[in-house]
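Protein chains in written order, with full-length UniProt numbering: chain C, 1 to 507; chain E, 1 to 316. Beta carbons: idealized from backbone N, C-alpha and C, even for Gly. In what follows, a single structure is set out as structure tokens and then discussed.
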Amino acid sequence: MKHPIPKDRPVIARLEGCTKRYPGVLALDSADFELREGQVRALLGKNGAGKSTLIRLLTGAEEPDTGTVTIDDTPLSASGAQRAAEAYGHGVRVVYQELSLVPDMSVAENLFLGRWPGRGGMIDMTALHQEAREALDSLGLDIDPDQPVSSLSPAERQLVEIARVLPGKPRMVILDEPTSSLADAEARKVLAAVDRISAAGIAVVYVSHRMNEIRQIADSVTVMRDGRIIETVDVEGADTQEIVRLMLGASGKEHAAVVPAQPGPEILRVDALSVHPKIADVSFSLRAGQVLGIAGLLGSGRTEILEAIMGVRPASGGSVSVDGKPISGRHFRKMKGLGFGFTPESRKDAGIVPLLGVDENTIATDWSSVTRSGVLQPGLIAEATRRVIERLHVKTARTDSAISTLSGGNQQKVVIGRWVHAGSRVLLLDEPTRGVDVEAKAQIYQIVRELAAEGKAVLFVSSEIEELPLVCDRVLVLREGRIAEEMAAPDIHQDAIFAACLASDAA
Amino acid sequence: MSRLGKHMNELSLFAAIVLLYIIFGLTADGFLSFYNQTNILRDAATIGIAAWAATLIIIAGDIDVSTGPMVAFISVILAYLIQWGVPTVGAFVLAIVLGGLLGSIAGVLRAYFDVPSFVATLGLWSALRGLSLYFTDALPVSIGRNDIVDMLDRPIFGLPPAAIIMIVLFAVFWFVSKRTAFGRSVFAVGGNAQAAFLSGINVRRIRVTIFVLAGMMAAISGMLLLARLGSGNATAASGLEFDVIAAVVVGGTALSGGRGSMLGTLLGVLVITLIGNGLILLGINAFIQEVVRGIIIVAAVLANIYAIKRGAAKKG
Numbered sequence: 001m002k003h004p005i006p007k008d009r010p011v012i013a014r015l016e017g018c019t020k021r022y023p024g025v026l027a028l029d030s031a032d033f034e035l036r037e038g039q040v041r042a043l044l045g046k047n048g049a050g051k052s053t054l055i056r057l058l059t060g061a062e063e064p065d066t067g068t069v070t071i072d073d074t075p076l077s078a079s080g081a082q083r084a085a086e087a088y089g090h091g092v093r094v095v096y097q098e099l100s101l102v103p104d105m106s107v108a109e110n111l112f113l114g115r116w117p118g119r120g121g122m123i124d125m126t127a128l129h130q131e132a133r134e135a136l137d138s139l140g141l142d143i144d145p146d147q148p149v150s151s152l153s154p155a156e157r158q159l160v161e162i163a164r165v166l167p168g169k170p171r172m173v174i175l176d177e178p179t180s181s182l183a184d185a186e187a188r189k190v191l192a193a194v195d196r197i198s199a200a201g202i203a204v205v206y207v208s209h210r211m212n213e214i215r216q217i218a219d220s221v222t223v224m225r226d227g228r229i230i231e232t233v234d235v236e237g238a239d240t241q242e243i244v245r246l247m248l249g250a251s252g253k254e255h256a257a258v259v260p261a262q263p264g265p266e267i268l269r270v271d272a273l274s275v276h277p278k279i280a281d282v283s284f285s286l287r288a289g290q291v292l293g294i295a296g297l298l299g300s301g302r303t304e305i306l307e308a309i310m311g312v313r314p315a316s317g318g319s320v321s322v323d324g325k326p327i328s329g330r331h332f333r334k335m336k337g338l339g340f341g342f343t344p345e346s347r348k349d350a351g352i353v354p355l356l357g358v359d360e361n362t363i364a365t366d367w368s369s370v371t372r373s374g375v376l377q378p379g380l381i382a383e384a385t386r387r388v389i390e391r392l393h394v395k396t397a398r399t400d401s402a403i404s405t406l407s408g409g410n411q412q413k414v415v416i417g418r419w420v421h422a423g424s425r426v427l428l429l430d431e432p433t434r435g436v437d438v439e440a441k442a443q444i445y446q447i448v449r450e451l452a453a454e455g456k457a458v459l460f461v462s463s464e465i466e467e468l469p470l471v472c473d474r475v476l477v478l479r480e481g482r483i484a485e486e487m488a489a490p491d492i493h494q495d496a497i498f499a500a501c502l503a504s505d506a507a
Numbered sequence: 001m002s003r004l005g006k007h008m009n010e011l012s013l014f015a016a017i018v019l020l021y022i023i024f025g026l027t028a029d030g031f032l033s034f035y036n037q038t039n040i041l042r043d044a045a046t047i048g049i050a051a052w053a054a055t056l057i058i059i060a061g062d063i064d065v066s067t068g069p070m071v072a073f074i075s076v077i078l079a080y081l082i083q084w085g086v087p088t089v090g091a092f093v094l095a096i097v098l099g100g101l102l103g104s105i106a107g108v109l110r111a112y113f114d115v116p117s118f119v120a121t122l123g124l125w126s127a128l129r130g131l132s133l134y135f136t137d138a139l140p141v142s143i144g145r146n147d148i149v150d151m152l153d154r155p156i157f158g159l160p161p162a163a164i165i166m167i168v169l170f171a172v173f174w175f176v177s178k179r180t181a182f183g184r185s186v187f188a189v190g191g192n193a194q195a196a197f198l199s200g201i202n203v204r205r206i207r208v209t210i211f212v213l214a215g216m217m218a219a220i221s222g223m224l225l226l227a228r229l230g231s232g233n234a235t236a237a238s239g240l241e242f243d244v245i246a247a248v249v250v251g252g253t254a255l256s257g258g259r260g261s262m263l264g265t266l267l268g269v270l271v272i273t274l275i276g277n278g279l280i281l282l283g284i285n286a287f288i289q290e291v292v293r294g295i296i297i298v299a300a301v302l303a304n305i306y307a308i309k310r311g312a313a314k315k316g
């Protein structure tokens, strides 16, 4: 935890009475915001609270309808693309959530993408290497600048993204959920890098949903809700419950821990499953009405297990039985036919079809129930979609709104909902709460419990360890490709899971 | 977006068509004559029939550059079949089957062997043009008098049969693209193939099917070409693939896949055909016509991109 920054430090960024309106939405409502040199300000709020709009105003990507944005004592005056260039000139840098590196180019080339040192179109490779080394060193990173980005781990890629904003005297760096896709141990490296940035006197805006991270690196927190800045408080002495309450408004409520129900018959049995080289000798069984959690660090092989069961990835050994019968020659549609549903880890890359509506994203798993003699029935589609929307509390204006207009949490509910539409009895959920706000997370836990109560069997993979005790009847902890430990409700505890994940990781 | 905003693309294309009618109507003699209007429809059919299938291919995120040689090849094979005394209707059926088979080559290469569709169809483009030239020595293959074939070029109630076939097929493709699981799956595959696969959509089958459809449409165009020229012709339909792609793209279908509409393509086909027809009537130098056409195509797409960007900026 950081102490509050003295008030006599120079102000780097200031918003005064900024309002921004998009058609039908008041995205930002007369916001005042101030950030001083060396400050690390956490920005907290549910999806749609106005965080992105605030950031876009700071970077000059958008102009406020009313109000002023001042960077380094100069009010931004340009409009359009010029405005972003103006903010950049004053030292505003952003590290986005989506990675924007070129995988097949080297780390050094990526760090200076398009601004390579050299003259007359010739790149000075020595200078490039040296400057890259300096940028990496300044963050304390042990990454070879000549190695291709494609060979880096996700955490290392994120660190390269951060290192990229350092050349050219930045005054303020904005990080938009830099750790959302990282496991806890890896996230720490990113936090260490942020610490170094702020130690150099650079102001930092840090968007995150993870409270413990915020406590580690930020000195103050700005909480947003419904387009308004609710409050800015010092992290020192702030109570987590209080911050969550500010964020959620009146609706913040505690979620009860799982009370294990009487499980039904065994549906899925996995015996000695191996996926070379990630998974070795994994066995477990899953009964109807049960939620089985799979915990483990990023790269521990969680996704591989689900993919091997679904037949998306070939298994190198072992067997998978459904209803007691071994299933060989598994492929996705065969498993779907057996009543299996799968939601992928990356919602954006593999989950949604962004240009299509909520309706078509929902019914894509089963067209036949909304088709009469080969013709799709708009009435039936709307009805089927509405059923899923109501069941899973999806917030959408219409059944045919483009899914890309929904918040991440609501998109995820649709991705789960399409398997409810298909009537699947076994759901394999890979990181269903990744990048989703607190409220939607709680709703997803509740939905998963409800589905289990109806007799569905659920495999729940998560790297957010604190959520497993809230959802799972049993938890398997995966370490180095094997099952290291197994726990059953009500004896599932975060700290035990966390310890089991890390146990021999130091070796 | 409002209901009107959703159809901005179609509305602006419609406005472009009206504008072209006014300009050519005032400047080009005989442009508005009934005879010329039926000509326009017949020319539109040449591009349109192939363009319906091409729209599905492009929405699915693929491309087909084999259209021209495929049409010519099938017209040649049809002419031989008829010369050899195969009953005309039977020959037509065989031609459509052949078109489907040829299309499936590209589709299978794309779907099962991950050959980019541009490369797969470029291969077909070259091979089919070469084969038809080899079979015919670049000479027309005459079929003599044939009542059924001739019927395909005889106006019905003043309308060229090609235009009627085009309109009927348009209705079919419009319906398929909007109201069938297959049609909507094409959009899903083009919008996010991985997500489509993980929803249980048979992505490979969809990909093969759209190329089979394109082959079948090329076969129908080949029949109409045969009827129009009275012979199979290895060098005909040269450059047709680019007119087809231009029409689809001008119609607002995104080359990156996932977005597009049959109605847009219909209007795109009309724009391309009107430009061609009007420039000829104006008696502009044939080479300069190509230049003007190129400029208009790029300008139309540019306007469309600009409109989409503005729409996106508004949404934030």
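Can you find a CB in chain E that lies within less than 7 Å of the CB of residue i?
i                 : result
Gly296 of chain C : no
Thr399 of chain C : no
Leu58 of chain C  : no
Thr371 of chain C : yes
Val353 of chain C : yes
Thr365 of chain C : yes
Gly252 of chain C : Residue placement at Gly252 of chain C is poorly supported in this model, since its pLDDT is 40, which falls under 50; the coordinates still yield a value, given next. Output row for Gly252 of chain C: interface = no.
Ala87 of chain C  : no
Considering just the uninterrupted stretch of the beta strand (DSSP E) at residue i, what are its terminal residues?
i                 : result
Thr385 of chain C : Note, Thr385 of chain C: premise wrong, no beta strand (DSSP E); alpha helix (DSSP H) at 378 to 391.
Thr68 of chain C  : 66 to 71
Phe284 of chain C : 279 to 287
Leu356 of chain C : Leu356 of chain C -> no beta strand (DSSP E), and no H or E assigned at all.
Gly278 of chain E : Not the beta strand (DSSP E): Gly278 of chain E falls in the alpha helix (DSSP H), residues 262 to 281.
Gly318 of chain C : 317 to 322
Leaving aside the five residues before and after residue i along the sequence, list all residues of the same chain whose C-beta is less than 7 Å from its C-beta, in chain order.
i                 : result
Ile5 of chain C   : Arg36, Gly38, Gln39, Asp219
Ile272 of chain E : Ile47, Asp243, Ala246, Ala247, Val250
Ile17 of chain E  : Leu267, Leu270, Val271, Leu274
Met262 of chain E : Trp52, Thr55, Phe170, Phe173, Trp174, Ser177
Does any residue of chain C bring its CB to less than 7 Å from the CB of residue i?
i                 : result
Ala188 of chain E : yes
Leu13 of chain E  : no
Leu263 of chain E : no
Leu198 of chain E : yes
Ala53 of chain E  : no
Ala227 of chain E : no
Ala195 of chain E : yes
At 9 Å on the CB atoms, spell out the chain D contacts of residue i, in chain order.
i                 : result
Leu356 of chain C : Note that chain D does not occur in the displayed structure, where the protein chains are C and E.
Can you give me the Cβ contacts of residue i inside the same chain, cut-off strictly under 6 Å, excluding the 5 residues immediately before and after it?
i                 : result
Leu20 of chain C  : The sequence shown places Lys at residue 20 of chain C, not Leu. The residues are Ala27, Leu28, Thr53, Pro64, Asp65.
Ser404 of chain C : Pro354
Pro344 of chain C : Ala350, Gly351, Asp430
Between which residues of its own chain and residue i is the CB-CB distance below 8 Å, once the five residues before and five after are set aside?
i                 : result
Val292 of chain E : Ile275, Leu279, Ile284
Val115 of chain E : Leu109
Ser29 of chain E  : Reading off the sequence, residue 29 of chain E comes out as Asp, not Ser. The residues are Leu281.
The alpha helix (DSSP H) that contains residue i, what's its start and end?
i                 : result
Leu397 of chain C : For the sequence presented, residue 397 of chain C should be read as Ala rather than Leu. That residue, Ala397 of chain C, is in no alpha helix (DSSP H); it is neither H nor E in DSSP.
Glu86 of chain C  : 81 to 89
So within the stretch 415 to 473 of chain C, which uninterrupted beta strand (DSSP E) runs reach at least 3 residues, ignoring any that extend past its ends? 426 to 430, 457 to 462
*asked:* Short of 9 Å Cβ to Cβ, which residues in the stretch 295 to 325 of chain C face chain E?
replied: Met310, Val312
Quiz prompt | Proximal residues, the stretch 234 to 253 of chain E versus chain C, C-beta separation under 7 Å | solution = none
Problem - Whole beta strand (DSSP E) elements within the stretch 111 to 184 of chain C, 3-residue minimum - result: 172 to 176
Against chain E, which members of the stretch 373 to 402 of chain C pass a CB distance test of less than 7 Å? Gly374, Val375, Leu376
Note down, in chain order, all residues in the stretch 148 to 181 of chain E with a beta-carbon under 9 Å from any beta-carbon belonging to chain C. Phe175, Lys178, Arg179, Thr180, Ala181
Exercise for the section: Select from the stretch 429 to 449 of chain C all residues with a C-beta closer than 9 Å to any C-beta belonging to chain E, and list them in chain order. Expected result: none
In chain order, what residues of the stretch 198 to 212 of chain E put their CB closer than 9 Å to some CB of chain C? Leu198, Ser199, Gly200, Ile201, Asn202
Practice item. Report the residues of the stretch 103 to 133 of chain C with a CB closer than 9 Å to any CB of chain E, ordered along the chain. Key: none
inquiry  = Give me the subset of the stretch 334 to 346 of chain C whose CB atoms are less than 7 Å from a CB atom of chain E, sorted by chain position.
reply    = Lys336, Phe342, Pro344
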